[in-house]
Ligand SMILES: *Cc1c(COP(=O)(O)O)cnc(C)c1O
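In our numbering, the protein residues as written are 53 to 436.
This is the structure we're talking about:
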């Protein structure tokens with residue numbers, strides 16, 4: 053594309069505008085080869101040797117993700133978990149690390165078991181309180197601060213810019229799980245983050261048909277080379293078919309996320325006054341504790357994820373989920389179809405998730421239909 057200012061939405065829609073130079077195809081081919089021919093002079097002039105390190109099918113999707121996040125480089129992974137775990141495996145035993153108490157549950161479990169056994173010293177903090185992060189930081193010893201914002205499943209919000217300042221003063225790196233915010237709403241690197249992580253399974257792909265992850269780095273430096281090496285060594289690369297599907301999904305990221313934000317805001321406001329709902333957790337509500345920070349660091353909406361707390365406790369919450377029709381009872385988020393989940397049942401013992409909470413992932417259906425379906429389920433569960 054010409055060197056004029058093009059919005060991120062346009063870059064995403066055209067996947068940076070790449071056209072295949074040989075065939076002029078506007079949609080890229082899929083490269084299936086697992087290996088590359090060596091030259092007669094014994095070098096690899098293509099720069100490629102073996103497909104456990106990377107694949108030409110990654111080029112366009114990684115370049116697009118780096119552009120959307122305002123980063124220098126991106127790496128796609130076999131899952132969000134493998135992308136996140138690479139950040140922790142890049143640390144050394146004995147390193148001090150700060151992570152949120154409220155975060156994606158599977159990653160929290162891995163950190164509390166494998167990562168601590170492997171020798172990382174991990175503090176779980178109330179990451180929606182900047183002062184709690186500041187109190188936990190040990191200058192010189194702390195090597196990584198991890199934030200998730202808004203955070204599963206209460207959507208608590210962390211102040212990325214404020215934590216970046218504290219983190220960098222201590223000589224540590226800041227990584228953000230930005231799966232829920234997406235680059236449509238928040239660009240953490242511009243706020244001071246060093247690494248952005250996505251479960252690309254969710255909004256980036258958007259169609260609930262692949263498992264994928266991504267890291268985006270602010271700088272192409274020695275730390276980035278380490279993350280690239282971890283992916284190549286463990287073989288946690290994305291399959292080429294999945295990389296192609298992810299690129300297709302990202303083309304519609306902006307309209308999908310913008311639609312979901314509008315619907316989630318409308319649903320949050322309507323359920324806030326509902327007689328069978330005790331509380332609505334959504335950063336877009338003025339009454340939400342993290343609203344002021346969210347309004348500063350999220351642009352154009354507050355995301356497609358919200359939770360409701362049902363009057364009548366756990367039993368009423370499960371009974372409500374059992375009575376929806378349009379919403380689908382399933383885990384995951386960020387797809388075009390709306391999902392509802394009794395989150396405490398998934399997370400099990402030790403979860404900070406309230407037992408009366410239903411997590412809602414708002415898709416691209418009509419928001420009036422979504423309201424009506426959940427409204428009838430709440431009423432029928434209440435009367436059952
Ligand atoms: C789903 C999810 C992950 C894990 O990603 P997978 O692609 O399922 O491995 C991490 N963080 C958040 C916020 C998620 O929603």
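We treat Cβ as the ideally placed atom computed from N, Cα and C, and that holds for glycine.
Which residue's Cα is closest to the Cα of residue 436: 398, 358, 419, 374?
-> In the chain shown, counting from the first residue as 1, residue 436 sits at position 384. Nearest C-alpha to residue 436: 374.
DSSP three-state assignment for residue 53, whether helix, strand or coil = Indexing the chain shown from 1 puts residue 53 at position 1. Per-residue confidence for residue 53 stands at a pLDDT of 48, beneath the threshold of 50, marking its modelled position as unreliable; no derived number is given.
What residues in its chain sit with their C-beta under 7 angstroms from that of residue 177, if we drop five residues either side in the sequence?
-> The count along the chain shown starts at 1 and reaches residue 177 at position 125. Excluding residues within five positions, the ones whose Cβ falls inside 7 angstroms are 150, 152, 153, 184, 185, 188.
Coarse secondary structure for residue 133, derived from DSSP in three states = Within the chain shown, the letter at position 81 stands for residue 133. Residue 133 sits in a helix when the DSSP states are folded into three classes.
Using the C-alpha atoms, what's the distance from residue 238 back to residue 219?
-> Counted from its first residue, the chain shown places residue 219 at position 167. Counted from its first residue, the chain shown places residue 238 at position 186. Rounded to the nearest angstrom, the two C-alpha atoms are 19 angstroms apart.
Any non-hydrogen atom of ligand 1 within 7 angstroms of residue 156 CB | Taking the chain shown and counting its residues from 1, one reaches residue 156 at position 104. Because some heavy atom of ligand 1 lies under 7 angstroms away, the Cβ of residue 156 counts as near it: yes.
CB of residue 324 to nearest heavy atom of ligand 1: below 7 angstroms?
-> Counting from 1 along the chain shown, the entry for residue 324 is found at position 272. Result no, Cβ not under 7 angstroms from ligand 1.
Please state whether DSSP places residue 389 in a helix, a strand or coil.
-> Taking the chain shown and counting its residues from 1, the one referred to as residue 389 is at position 337. Residue 389 falls in the coil class under three-state DSSP.
Whole-Å CB distance - residue 249 paired with residue 227, under 8 angstroms assumed | One-based indexing of the chain shown puts residue 249 at position 197. One-based indexing of the chain shown puts residue 227 at position 175. At roughly 6 angstroms, the Cβ-Cβ gap stays under 8 angstroms, so residue 249 and residue 227 are in contact.
Rounded to whole angstroms, what's the CA-CA distance from residue 342 to residue 288? Just pull it up for me.
-> Within the chain shown, numbered from 1, the residue matching residue 342 stands at position 290. Within the chain shown, numbered from 1, the residue matching residue 288 stands at position 236. Answer to the nearest angstrom: the Cα atoms are 35 angstroms apart.
Hey, residue 413 and residue 356 are a contact pair by Cβ (cut 8 angstroms); roughly how many whole angstroms apart?
-> Translated into positions along the chain shown, residue 413 becomes position 361. Translated into positions along the chain shown, residue 356 becomes position 304. Residue 413 to residue 356, Cβ: 6 angstroms. Contact.
Starting from residue 420, follow the alpha helix (DSSP H) in both directions and report where the run begins and ends.
-> Numbered from 1 along the chain shown, position 368 holds the residue referred to as residue 420. Taken as a continuous stretch (DSSP letters only), the alpha helix (DSSP H) holding residue 420 covers 419-435.
Spatially closest choice to residue 77 from 66, 87, 295, 84, by CA coordinates | As a working mapping, residue 77 is identified with position 25 in the chain shown. For the set 66, 87, 295, 84, the Cα lying nearest the Cα of residue 77 is the one of 66.
In whole angstroms, what is the alpha-carbon distance linking residue 276 and residue 107?
-> Residue mapping note: residue 276 aligns to position 224 of the chain shown, counting from 1. Residue mapping note: residue 107 aligns to position 55 of the chain shown, counting from 1. Cα to Cα, residue 276 sits roughly 18 angstroms from residue 107.
Can you give the Cα-Cα distance for residue 53 and residue 71, rounded to whole angstroms?
-> Counting from 1 along the chain shown, the entry for residue 53 is found at position 1. Counting from 1 along the chain shown, the entry for residue 71 is found at position 19. Interpretation of residue 53 is limited by its pLDDT of 48, a score under 50 that renders its predicted location unreliable; no figure is taken from the coordinates.
For residue 385, is the beta carbon positioned less than 7 angstroms from some heavy atom of ligand 1?
-> Your numbering for residue 385 matches position 333 in the chain shown. Yes, ligand 1 has a heavy atom inside 7 angstroms of this Cβ.
Taking all protein chains shown into account, do 16 or more other C-beta atoms lie within 10 angstroms of the C-beta of residue 92, making it buried, or fewer, making it exposed?
-> Here residue 92 corresponds to residue number 40 of the chain shown, with the count starting at 1. Classification for residue 92: exposed.
Anyone know if the C-beta pair for residue 109 and residue 64 falls short of 8 angstroms?
-> On the chain shown, residue 109 is found 57 positions in, with the first residue counted as 1. On the chain shown, residue 64 is found 12 positions in, with the first residue counted as 1. Taking a C-beta distance under 8 angstroms as the contact criterion, residue 109 and residue 64 do not qualify as a contact pair.
Under 7 angstroms from any heavy atom of ligand 1, does the C-beta of residue 153 make it?
-> Stepping through the chain shown from its first residue, residue 153 is reached at position 101. Checking every heavy atom of ligand 1 against the Cβ of residue 153, none is found closer than 7 angstroms.
Roughly how many angstroms separate the alpha carbons of residue 62 and residue 246, rounded to a whole number?
-> On the chain shown, position 10 is the one that residue 62 refers to. On the chain shown, position 194 is the one that residue 246 refers to. Spanning the two alpha carbons is a distance of roughly 25 angstroms.
Going by CA-CA distance only, name the one from 158, 318, 344 that's closest to residue 421.
-> Taking the chain shown and counting its residues from 1, the one referred to as residue 421 is at position 369. The residue with the shortest Cα to Cα distance from residue 421 is 318.
Are residue 399 and residue 382 close, meaning C-beta to C-beta below 8 angstroms?
-> Indexing the chain shown from 1 puts residue 399 at position 347. Indexing the chain shown from 1 puts residue 382 at position 330. Cβ distance not < 8 angstroms, so residue 399 and residue 382 don't count as in contact.
When burial is assigned at 16 or more other CB atoms within 10 Å of the CB, is residue 221 buried or exposed?
-> On the chain shown, residue 221 is found 169 positions in, with the first residue counted as 1. By the neighbour-count rule (16 or more Cβ atoms within 10 Å), residue 221 is not buried but exposed.
Is residue 127 near residue 279, with beta carbons less than 8 angstroms apart?
-> Within the chain shown, residue 127 is the residue found at index 75, counting from 1. Within the chain shown, residue 279 is the residue found at index 227, counting from 1. Cβ atoms of residue 127 and residue 279: closer than 8 angstroms.
Would the beta-carbon of residue 157 fall within 8 angstroms of that of residue 372?
-> Locating residue 157 in the chain shown gives position 105, where the first residue counts as 1. Locating residue 372 in the chain shown gives position 320, where the first residue counts as 1. No, the pair does not count as a contact, with Cβ atoms beyond the cut-off.
Indicate whether at least one CB of chain C lies closer than 8 angstroms to the CB of residue 425.
-> Judged by its chain identifiers, the structure shown contains no chain C, having just a single protein chain.
Using 7 angstroms as the cut-off, classify the Cβ of residue 159 as near or not near the heavy atoms of ligand 1, replying yes or no.
-> One-based indexing of the chain shown puts residue 159 at position 107. True, at least one ligand heavy atom lies under 7 angstroms from that Cβ.
Cβ separation of residue 257 and residue 266, assumed to be a contact under 8 angstroms, to the nearest whole Å | Taking the first residue of the chain shown as 1, we reach residue 257 at position 205. Taking the first residue of the chain shown as 1, we reach residue 266 at position 214. Contact between residue 257 and residue 266 fails: their C-beta atoms lie close to 10 angstroms from each other, not under 8 angstroms.
Closer than 7 angstroms: residue 193 CB and nearest ligand 1 heavy atom = For the purposes of this step, residue 193 is taken as the residue at position 141 of the chain shown. Checking the Cβ of residue 193 against ligand 1 gives no.
In the structure shown, what three-state DSSP assignment does residue 65 receive?
-> To locate residue 65, count along the chain shown from 1; it is residue 13. DSSP places residue 65 in helix when its eight states are reduced to three.
By a C-beta neighbour count over all protein chains shown, 10 Å radius and 16 as the cutoff for buried, is residue 75 buried or exposed?
-> As a first step, residue 75 is located in the chain shown; it is residue number 23 there, counting from the start. The residue in question, residue 75, is exposed, as its Cβ has fewer than 16 Cβ neighbours within 10 Å.
Just to check, is the beta-carbon of residue 261 closer than 7 angstroms to a non-hydrogen atom of ligand 1?
-> Taking the chain shown and counting its residues from 1, the one referred to as residue 261 is at position 209. The answer is no for residue 261.
Taking only the alpha-carbon atoms, compute the straight-line gap between residue 291 and residue 434 and give it to the nearest angstrom.
-> Indexing the chain shown from 1 puts residue 291 at position 239. Indexing the chain shown from 1 puts residue 434 at position 382. Going by the C-alpha atoms only, they are around 46 angstroms apart.
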